[in-house]
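Numbering (the working numbering), first residue to last: 65 to 485.
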């Protein structure tokens, strides 16, 4: 009797001391199908295995293939599924060089079944670790100028390669396109109070205008004049001589973002350092001298946002804020597009349409530029941040994480293209 008792104790100790190291691992007993993309997610699908005392499926995602399946438990699982009949799993797209997936079926007994591994190739060739301050689109040569604190990257959005870069001082920078003597130029406004002018094709620096203050926006008219805004004052400079022309302060001691309306001598500003946001216009003559200025009559009655602010190419309207509020050139509020509160709303005008980013939903909505009515929706693979249009393609700067409350976490950014044909 004592021998039997000792034997039972030994067996009990053996069973209770079994760990993952004691598991019998059988590889390639689950057939994981080729990965597919559905609704901007990675779809994993596998066959239902035969396994006694099923406990769970473990979904393993790695950046290198698993070569020793017996050590699968050393890898972190991204999901656990306890229903043996649930043989489909969806994972969010992430911007990694390569991703490998493996499915493991475990049981309460000491054995496990491991699938084959499936590889998802790099989902974006150009990968940036941080969100750009600004992006300037230049379709000639398929160029995107991506602005970071100390550098501008020149990216070819067709080859998805970085072709060149400009090293700048460690300040915030924003860009604007212009033309002088029939040559396209890139105007870079810097928070150290200077405007740097580059040849857009060679990226050689042509000139610098030192003004002082924090400059976040610079615009140009059709008469070779540049206009820039610092705290409480707007300045004009001659592009041909680089000399100061005029300055205007009036009673509007505000910071803000300025835009120049096409086919007119009017500059629009949305303020950034007061509440509620204010809307101001500045008129000038062909020589760059300011002739008048005034603000709107609403003072917060309608939405304004200096970070979301684009003018129609005809110069008759501009759009602002996450709701897509539209104003005319006389600062009159007209309407807002759609009923959705647009997260990280951006827009780009071409032909007869407005392209509005609905970032949280991974969508870009198309609206008529004349009636402001909804037309259709395009679905994106990544969360869109900037959007441009080149012929029949949308060129999108997207992120693998949704930008919520200005906390981007581990987000990475890449270029995505949508064919509109």
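Each residue gets a CB set at the ideal place from its N, CA and C atoms; glycine is no exception.
Around the C-beta of residue 264, 16 or more other C-beta atoms lie within 10 Å, and the residue is accordingly described as buried. Using a 10 angstroms sphere on the CB of residue 192, the tally of other CB atoms reaches 16 or more, which defines it as buried. Rounded to the nearest whole angstrom, the C-alpha separation of residue 398 and residue 388 is 11 Å. Shown here, residue 271 sits in a strand according to DSSP, grouped into three states. Segment contact: the stretch 161-169 against the stretch 205-222, fewer than three CB-CB distances shorter than 8 Å; contact not assigned. Per DSSP, residue 191 is not a residue of any beta strand (DSSP E), being assigned neither H nor E. With contacts defined as CB atoms closer than 8 Å, residue 94 and residue 120 fail to qualify as a contacting pair.
Setting aside the 5 residues that flank it on each side, residue 295 is surrounded in the same chain by 277 and 319, each with a C-beta closer than 6 Å to its C-beta; the list follows chain order. Here the C-alpha atom of residue 185 lies approximately 46 Å from the C-alpha atom of residue 380. Counting only runs of at least 3 residues, the stretch 360-430 fully encloses the following beta strand (DSSP E) elements, listed from N- to C-terminal order: 373-375, 381-384, 389-392, 397-400, 411-414 and 417-422.
Listed in chain order, the non-local C-beta contacts of residue 203 below 7 Å within the same chain comprise 454, local neighbours out to five positions each way being set aside. Residue 451 and residue 321 have their C-alpha atoms spaced approximately 20 Å apart. Put simply, the backbone Cα of residue 441 is about 20 Å away from that of residue 372. In terms of Cβ geometry, residue 347 and residue 329 form a close pair [threshold 8 Å].
A direct Cα-to-Cα measurement between residue 240 and residue 421 gives close to 21 Å.
In the DSSP annotation of this structure, the continuous segment of the beta strand (DSSP E) that includes residue 210 starts and ends at 207-211. Rounded to the nearest whole angstrom, the CA to CA distance from residue 359 to residue 345 is 6 Å. Following the DSSP letters along the chain, one finds residue 101 inside the beta strand (DSSP E) bounded by residues 100-102. Linking residue 98 to residue 182 through their CA atoms gives a straight-line distance of about 6 Å.
Burial check for residue 116: the Cβ neighbour count within 10 Å stays below 16, so the residue is exposed.
Annotation for residue 311: the continuous beta strand (DSSP E) segment containing it runs 308-312.
Listed as beta-bridge partners of residue 320 by DSSP are 335. Counting every other CB atom within 10 Å of its CB across the protein chains shown gives residue 215 a total below 16, marking it as exposed. Taking 8 Å as the upper bound for CB-CB distance, residue 281 and residue 293 are in contact here, some 6 Å apart.
Shown here, residue 217 sits in a strand according to DSSP, grouped into three states. Going by DSSP, residue 448 is part of the beta strand (DSSP E) stretching over 447-454.
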